[in-house]
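Student: Chains as they are written, first to last, in the working numbering: chain C, 16 to 487; chain F, 16 to 487. Take this structure, written in structure tokens, and hold onto it; I'll ask about it next.
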């Protein structure tokens with residue numbers, strides 16, 4: 016159950032009106048007193064709503080005059096679709112990824128737009144602390160012993176229940192706890208594939224997943240898609256008909272890096288296709304909870320009737336990145352993946368599972384998620400506005416409806432790797448688009464994370480980036 | 016620095032005298048008053064030493080008479096060496112291991128001798144609790160973010176320093192933190208091998224390692240050894256000369272299950288052999304700290320000059336089994352293994368690393384280890400005595416000088432798997448020897464863990480086991 020305060024409802028209504036263009040830049044909002052009387056709520060409630068909208072940069076107050084809309088809805092072009100080749104390739108950008116990762120946590124980096132995580136100030140540190148204290152006091156002996164391979168029962172029950180919001184119900188017996196979403200995908204790929212096998216992915220794809228496939232000696236077919244709706248179902252079908260694809264790896268809700276969201280109808284078709292071709296779909300739903308819209312998007316697993324979809328997710332993007340709590344719901348592949356978990360590291364840390372189970376039960380996770388979603392939605396607009404203002408006119412930007420990242424396209428002649436290197440000299444880190452393609456074959460894209468609340472330092476850094484892009 | 020109380024020194028001296036046979040069963044110990052005056056210590060100190068020896072079952076008090084030695088040193092035959100075949104095999108006992116693991120944590124099991132872990136009462140729960148509280152208060156933000164791939168700096172420094180006790184010095188930069196020792200070995204094998212490669216191991220070998228190799232489609236050459244000194248260096252050399260061995264996997268300090276300890280001179284030869292043949296040795300030193308003798312046994316890594324030895328260990332057998340903190344010191348293979356870690360699960364849980372680093376710095380780990388070693392040394396004698404008293408005359412037993420487990424051999428006609436199944440009916444769990452061989456080819460061995468303090472319930476369970484063995 017999602018509780019929304021009255022002021023939040025009011026702010027949401029006005030926000031929607033502004034973003035949709037129903038009220039325009041320069042329009043004056045009704046006075047606090049007038050609005051209060053119209054809606055039959057206290058003036059404090061209206062003040063709080065206006066305060067939030069002002070903090071989001073949507074309205075501004077003019078002394079002795081009132082509140083005015085100051086948000087110009089911007090509609091940059093969407094990044095273009097890369098061509099479809101229907102050709103398996105081995106991943107060949109390890110050196111580039113290594114260069115990119117070597118700047119992670121580098122002391123010279125002042126502002127890291129390259130890491131897709133929520134800033135710590137967006138996380139419920141106090142409530143997690145309480146869960147740490149409670150779970151240890153409750154049962155220190157249980158927390159020190161080996162946990163079962165599949166994981167803490169209570170935690171699996173809590174995680175199974177999260178699937179109710181995407182219209183599907185599971186028991187704890189169907190869930191396996193892993194060290195983050197990456198491990199869920201890594202165990203799945205190593206359980207289901209052999210070196211040389213072909214995996215189909217949406218392109219661009221998260222560099223971590225590409226590196227994983229490279230490391231397992233898998234071949235990759237990159238299938239680009241619509242900049243809004245993601246992977247092309249027709250192209251995927253063509254690939255399945257022509258190639259011995261061993262598995263399909265997708266991030267249907269807010270693909271990293273380009274933020275595409277596969278529509279529910281396509282998700283249904285994908286689930287049916289998996290069953291028809293008997294090809295497992297590995298579904299990475301790590302961003303599924305971070306939607307900007309009215310309701311939780313469904314998953315491919317929602318439509319999975321015969322267990323061909325291996326659902327993978329984690330709490331790393333919503334609650335505690337470093338704790339490494341992920342899980343999978345492997346359908347018909349449960350036994351194989353459980354065995355891989357057992358021989359890889361026996362089980363996930365017992366104490367971290369106990370802490371997390373306690374938080375999910377008592378920590379008001381849904382309340383936290385709601386605040387986090389609102390923060391990300393606002394930050395997304397703020398970052399996009401700043402980029403639009405500072406970058407060369409021809410920049411194209413994704414319009415994600417969830418997640419952490421913007422996918423940006425420079426004009427063809429510009430090289431994002433040079434932009435990355437030049438920005439690093441100024442203490443600013445971005446993710447060059449090259450790391451998201453098997454062969455770094457497309458050079459004019461880059462990714463910016465908006466996980467940190469917008470500040471004047473961030474505004475300045477984006478100005479610097481814009482200048483560097485102009486100079487390329 | 017190891018601090019030993021005076022009463023402990025006195026108890027140690029008397030224990031050595033008893034076990035070596037210098038004083039014999041029935042011999043009367045000097046009175047408390049007389050001993051106190053001889054040694055110039057308080058009577059309370061002597062009482063405490065006698066109390067400890069009595070608790071270990073080495074002496075007994077007779078009312079109004081004094082303390083008498085009651086320990087009969089027992090010398091059962093050592094288990095026999097299995098034949099050497101010099102033939103690679105794929106591991107074929109997955110079903111049996113599955114059957115064995117399915118009884119883990121089963122509610123009907125009253126006494127589990129099948130799990131090689133220290134009982135919770137032997138672990139420093141209060142001190143760990145303190146570290147949990149401290150590390151969270153110190154820096155909640157650091158503990159929630161992603162840890163670096165190699166792991167927490169402070170923890171790596173603490174773990175690197177542990178190697179000083181085995182005569183080698185490393186910096187934190189040489190250490191990679193993993194989710195337990197199994198993950199250290201799993202990452203190493205998957206970084207260094209391809210399906211079909213041949214791995215040489217000491218036989219018998221820990222079933223988890225055999226299952227791991229099966230899962231990676233590796234072939235295994237089992238090399239048996241001396242029941243005290245472990246793997247035969249000559250047989251290993253013959254194998255290296257005749258077969259394209261890709262790696263050697265050894266547990267030189269108290270091999271699981273048969274407790275063999277490779278002598279330092281052999282360790283040196285092994286390190287030299289690895290360099291000469293350019294074949295990496297994966298050294299599992301998980302039991303290295305749990306020695307019963309006077310000093311820490313060396314490792315193969317001690318003698319590694321050119322980085323061919325990948326040292327793997329964990330705190331799972333000494334401090335906190337379920338926390339999953341292990342590490343490796345990979346020598347020349349550092350980059351490959353770090354990359355595998357990164358793509359498998361990014362990094363090990365930040366908060367567990369912070370807790371563990373705090374404990375190692377402030378929790379008096381060496382003090383805890385000393386108590387744990389003493390407890391295990393005593394338990395080892397108690398269990399062995401009980402087995403000797405209750406089992407058929409012809410039982411052979413390993414004589415481990417460290418670790419947790421006894422390796423027992425029944426007469427050839429008896430089947431340990433039947434013993435395992437029959438014992439399970441009575442709520443007692445043992446490890447059938449079959450799980451420790453690639454093809455379950457030797458049927459009359461089993462493994463008993465002595466990780467739990469000896470009690471009358473354990474005594475009774477061993478009596479039951481003995482009766483079941485006689486009935487086979």
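Built from N, CA and C at the ideal position, the CB exists for glycine as well. It should be emphasised that the depicted structure is a prediction, and the values quoted were computed from it without experimental measurement.
#1: Are the C-beta atoms of residue 338(C) and some chain F residue less than 7 Å apart?
#2: Give a yes or no on whether the minimum CB-CB distance between residue 15(F) and chain C is below 7 Å.
#3: Cβ atoms of residue 448(F) and residue 435(F): under 7 Å apart, would you say?
#4: Within a Cβ cutoff of 8 Å, which residues of the same chain sit near residue 157(C), ignoring the five residues on either side of it in sequence?
#5: Entirely within the region 243-300 of chain F and at least 4 residues each: give me those alpha helix (DSSP H) ranges in chain order.
#6: Taking C-alpha atoms, which residue in 377(F), 231(F), 392(F) and 338(F) lies nearest to residue 307(F)?
#7: Do residue 194(C) and residue 372(C) have their CB atoms nearer than 7 Å?
#8: Return the CA-CA distance between residue 321(C) and residue 290(C), expressed in angstroms with no decimal places.
#9: Which same chain residues, not among the five before or five after residue 68(F), have their C-beta less than 7 Å away from its C-beta?
#10: Closer than 9 Å between beta carbons: that is the criterion. Which residues of the region 152-172 of chain C meet it against chain F?
#11: Helix or strand or just coil, what does DSSP make of residue 343(C)?
#12: Residues of chain C with CB closer than 8 Å to the CB of residue 135(F), please, in chain order.
#13: Within 10 Å of its beta-carbon, does residue 8(F) have 16 or more other beta-carbons around it, so buried, or fewer, so exposed?
#14: Under 6 Å: does the beta carbon of residue 38(C) sit that close to some heavy atom of the ligand NAD?
#15: Assign residue 1(C) to one of three DSSP states: helix, strand, or coil.
#16: Between the alpha carbons of residue 48(C) and residue 162(C), how many angstroms are there, rounded?
#17: Please list, in chain order, all residues of the same chain as residue 139(F) whose beta carbon is under 7 Å from its beta carbon, the five residues on each side excluded.
#18: Please list, in chain order, all residues of the same chain as residue 473(C) whose beta carbon is under 6 Å from its beta carbon, the five residues on each side excluded.
#19: Indicate the three-state DSSP secondary structure (helix, strand or coil) for residue 406(F) in the structure shown.
#20: Taking residue 491(C) as the reference, give the member of 486(C), 374(C), 478(C) and 431(C) with the closest Cα.
#21: For residue 30(C), report the span of its alpha helix (DSSP H) as first-last.
#22: With 7 Å as the limit, tell me which residues of the region 377-407 of chain F have their beta carbon closer than that to any beta carbon of chain C; keep them in chain order.
#23: With DSSP collapsed to three states, give me the class of residue 17(C).
#24: Check distances from the C-beta atoms of the region 230-246 of chain F to those of chain C and list, in chain order, the residues that come in under 9 Å.
#25: Residues of chain F with CB closer than 9 Å to the CB of residue 355(C), please, in chain order.
#26: Classify residue 332(F) as buried or exposed, calling it buried when 16 or more other Cβ atoms lie within 10 Å of its own Cβ.
#27: Rounded to the nearest angstrom, what separates residue 287(F) and residue 238(F) at their Cα positions?
#28: Residues of chain C with CB closer than 8 Å to the CB of residue 120(F), please, in chain order.
#29: Any beta carbon of chain F sitting closer than 7 Å to that of residue 304(C)?
#30: Note down the Cα distance separating residue 458(C) from residue 105(C), rounded to an integer number of angstroms.
#31: Hey, does residue 198(F) have any beta-carbon neighbour from chain C nearer than 7 Å?
#32: Can you tell me the Cα-Cα spacing of residue 467(F) and residue 341(F), whole angstroms?
#33: Sort 46(C), 39(C) and 126(C) by Cα distance to residue 471(C) and report the nearest one.
#34: Roughly how many whole angstroms lie between the Cα atoms of residue 406(F) and residue 485(F)?
#35: Please list the terminal residues of the continuous beta strand (DSSP E) segment that includes residue 303(C).
#36: What's the gap between the Cα of residue 216(C) and the Cα of residue 235(C)?
Tutor: For this structure:
#1: Taking Cβ atoms only, chain F reaches closer than 7 Å to residue 338(C), which makes this a yes.
#2: Nothing about residue 15(F) can be reported from this structure: the residues present for chain F run from 16 to 487 only.
#3: Their beta carbons are not under 7 Å apart, which means residue 435(F) does not touch residue 448(F) by this criterion.
#4: Around residue 157(C): 365 and 369.
#5: Segments of the alpha helix (DSSP H) lying fully in the region 243-300 of chain F: 248-257 and 279-292.
#6: Of the candidates 377(F), 231(F), 392(F) and 338(F), the one whose C-alpha sits nearest the C-alpha of residue 307(F) is 392(F).
#7: Remark: C-beta atoms of residue 194(C) and residue 372(C) do not approach each other more closely than 7 Å.
#8: Going from the Cα of residue 321(C) to the Cα of residue 290(C) covers about 7 Å.
#9: Setting aside the 5 residues that flank it on each side, residue 68(F) is surrounded in the same chain by 26, 29, 30 and 74, each with a C-beta closer than 7 Å to its C-beta; the list follows chain order.
#10: Of all residues in the region 152-172 of chain C, those with a C-beta nearer than 9 Å to a C-beta of chain F are 152, 155, 156, 157, 158, 159, 160, 161, 162, 163 and 164, reading in chain order.
#11: Strand, per DSSP.
#12: Neighbours of residue 135(F) on chain C, chain order: 156, 159 and 160.
#13: This structure does not reach residue 8(F), given that chain F is present from 16 up to 487, and the question cannot be answered.
#14: Inclusion of the ligand NAD in the displayed structure is not the case, the ligand content being empty and no account of it being possible.
#15: Nothing in the structure corresponds to residue 1(C), since chain C is present only between 16 and 487.
#16: Rounded to the nearest angstrom, the gap between the Cα atoms of residue 48(C) and residue 162(C) is 58 Å.
#17: Taken in chain order, the residues that qualify are 378 and 383.
#18: Cβ within range, chain order: n/a, list empty.
#19: In this structure, residue 406(F) counts as coil in the three-state DSSP scheme.
#20: Missing from the structure shown is residue 491(C); chain C here goes from 16 to 487 and no further.
#21: Element bounds for residue 30(C): 21-35.
#22: Within the region 377-407 of chain F, no residue has a Cβ that lies closer than 7 Å to any Cβ of chain C.
#23: In this predicted model, residue 17(C) has a pLDDT of only 47, less than 50, meaning its place in the structure is not dependable; the value taken from the coordinates is given anyway. The answer is coil: DSSP assigns residue 17(C) none of H, G, I, E or B.
#24: Answer set for the region 230-246 of chain F: 230, 231 and 232.
#25: Per Cβ cutoff of 9 Å: 230.
#26: Around the CB of residue 332(F), 16 or more other CB atoms lie within 10 Å, so the residue is classed as buried.
#27: Their Cα atoms are separated by approximately 18 Å.
#28: Within chain C, the residues placing a beta-carbon under 8 Å from that of residue 120(F) are 163, ordered along the chain.
#29: Interface flag for residue 304(C) against chain F is unset, since no Cβ pair is found closer than 7 Å.
#30: For residue 458(C) and residue 105(C), the distance between alpha carbons rounds to 18 Å.
#31: Yes, residue 198(F) lies at the interface with chain C (some Cβ there is under 7 Å from its Cβ).
#32: Near 23 Å, if we compare the C-alpha coordinates of residue 341(F) and residue 467(F).
#33: When only C-alpha atoms are compared, the closest one is 126(C).
#34: Rounded to the nearest angstrom, the two C-alpha atoms are 7 Å apart.
#35: No beta strand (DSSP E) holds residue 303(C); DSSP gives it neither H nor E.
#36: A direct Cα-to-Cα measurement between residue 216(C) and residue 235(C) gives close to 7 Å.
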